[in-house]
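Numbering (this note's numbering), first residue to last: 129 to 560. These notes concern the structure reproduced below.
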């Protein structure tokens with residue numbers, strides 16, 4: 129009996145020691161995990177969205193499901209993700225990140241509390257966002273995107289969206305589709321065309337600090353059929369400029385695609401090759417003034433004072449150069465030499481792919497926004513192969529222009545001085 133008691137007591141001691149070791153290891157592992165988590169939090173700034181995500185997950189996993197809390201930044205992110213991805217994708221992601229993403233009902237409720245009204249310019253909201261970054265300079269951009277024509281009722285503002293928004297002095301009319309009877313709605317649908325495009329205006333803050341780049345915000349969005357003229361575009365730009373200037377925010381310029389009406393509005397606004405000045409800014413204190421050397425007068429034709437500047441999207445510039453090369457109806461010549469897509473086909477046929485990395489799909493004209501194709505057909509390896517054949521000189525120079533445009537307008541690592549240098553090389557190439 130005494131031996132059995134001793135053996136049982138020794139077993140109990142071993143069990144207790146094992147329990148202590150297990151508790152020690154588990155507590156050590158927990159403390160190590162906690163310390164690693166704290167170190168990971170310390171590496172992130174509180175203004176970082178990743179810090180907000182991790183903090184939200186950490187807080188909600190210790191709460192019951194009916195007591196989850198989400199900061200406004202997470203709600204805004206979830207709303208954007210819900211709009212872009214759709215309800216099914218959102219629900220699938222939420223199953224895997226249940227502590228981070230709120231329910232669909234919560235997202236819709238948050239969205240209805242911060243509604244967007246068609247054709248309303250959100251100047252005050254944009255200025256409020258700029259004040260968070262202490263930014264007073266912005267760059268505007270606008271573009272149209274194709275949509276499915278249909279009319280929908282917005283119960284929040286009691287308006288019908290989907291009809292072409294009337295333009296008055298360049299500015300779209302807000303809440304024009306409010307009807308008091310069904311007959312008025314029927315008449316408007318029969319007379320007013322449905323919009324097949326949505327025009328979106330974005331505000332890009334230009335920060336004086338290089339530590340961060342602020343995200344763009346939506347100023348306005350409305351349905352259109354793009355049947356406007358350059359004067360309407362110019363009036364709208366002036367309206368936006370004046371509204372922001374009244375709120376102590378300076379619009380530096382506008383960026384659009386290469387639509388002819390926008391290009392003409394740019395030319396009129398900059399008084400570039402016009403008989404009479406469209407904008408009289410000589411006595412205005414607002415414009416930019418750059419002293420142009422007198423020796424430049426034979427080739428530099430832009431005025432010294434400009435109210436704002438203009439840019440075209442670098443990706444569009446590059447793809448248009450590519451599409452012009454691939455077009456069957458365009459003949460490009462440089463002196464006695466021809467710029468031809470056949471030279472690239474010969475390169476693909478007679479040269480090893482390892483040397484140029486090209487394929488026939490890169491020369492497909494149907495995909496007009498294929499920027500990757502622009503990078504491949506104008507790469508350094510392709511330029512080196514084109515330079516070998518004297519009959520391909522024009523194609524080589526055309527590809528060199530595209531290569532310089534890609535470096536100038538799309539690559540962020542290129543210094544400002546080199547950007548200006550490459551851009552002027554392209555300008556003089558085209559003028560020749």
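By construction, the Cβ of each residue, glycine as well, lies at the ideal position given by its N, Cα and C atoms. Computed from a predicted structure; not experimentally measured.
Check                                                                                                     : Outcome
Contact under 8 Å by Cβ, residue 484 with residue 468                                                     : no
Assigned exposure category for residue 161 - 16 Cβ within 10 Å defines buried                             : Residue confidence is low: residue 161 scores 49 on pLDDT, short of 50, so the model does not pin down where it sits. No coordinate-derived value is stated.
Per-residue DSSP class, three states only, for residue 431                                                : coil
Within-8 Å CB hit, residue 244 to chain D                                                                 : As a matter of chain content, chain D is missing from the structure shown, which is built from one protein chain.
Residue 426, DSSP secondary structure in three states                                                     : coil
Cβ-Cβ distance between residue 313 and residue 285 below 8 Å                                              : no
Any non-hydrogen atom of the ligand COA within 7 Å of residue 215 CB                                      : Absence of the ligand COA from the depicted structure is noted, as is the absence of any ligand whatsoever, leaving it without description.
Cβ-based neighbour list, residue 215, same chain, cut-off 8 Å, excluding 5 preceding and 5 following      : 232
Inter-residue spacing [alpha-carbon to alpha-carbon] between residue 78 and residue 503                   : Because residue 78 is not part of the residues shown, which for the chain are 129 to 560, the question remains open.
Buried or exposed by the 16-neighbour rule on C-beta atoms within 10 Å, applied to residue 377            : buried
Pairwise C-alpha distance: residue 448 and residue 527                                                    : 13 Å
Unbroken alpha helix (DSSP H) run spanning residue 525, endpoints                                         : 521-537
Counted within 10 angstroms of its Cβ, other Cβ atoms place residue 303 as buried (16 or more) or exposed : exposed
Reference residue 385; option with closest CA among 443, 360, 342, 332                                    : 443
DSSP beta-bridge partners of residue 462                                                                  : 465
Option in 511, 465, 463, 466 with minimal Cα separation from residue 486                                  : 511
Residue 347 (DSSP reduced to helix, strand or coil)                                                       : strand
Start and end residues, beta strand (DSSP E) containing residue 196                                       : No beta strand (DSSP E) holds residue 196; DSSP gives it neither H nor E.
Helix, strand or coil at residue 557 [DSSP, three-state]                                                  : helix
Residue closest to residue 353, alpha-carbon to alpha-carbon, out of 322, 470, 283, 531                   : 322
C-beta atoms of residue 347 and residue 393 nearer than 8 Å                                               : no
Limits of the unbroken alpha helix (DSSP H) element including residue 381                                 : Run containing residue 381: none in the alpha helix (DSSP H); it sits in the beta strand (DSSP E), 378-384.
Helix, strand or coil at residue 353 [DSSP, three-state]                                                  : coil
Separation of residue 336 from residue 297, as counted between CA atoms                                   : 34 Å
Inter-residue spacing [alpha-carbon to alpha-carbon] between residue 332 and residue 257                  : 11 Å
Pick from 220, 266, 195 that is closest to residue 380, judged by C-alpha positions                       : 266
Reference residue 463; option with closest CA among 557, 184, 349                                         : 557
Separation of residue 290 from residue 271, as counted between CA atoms                                   : 17 Å
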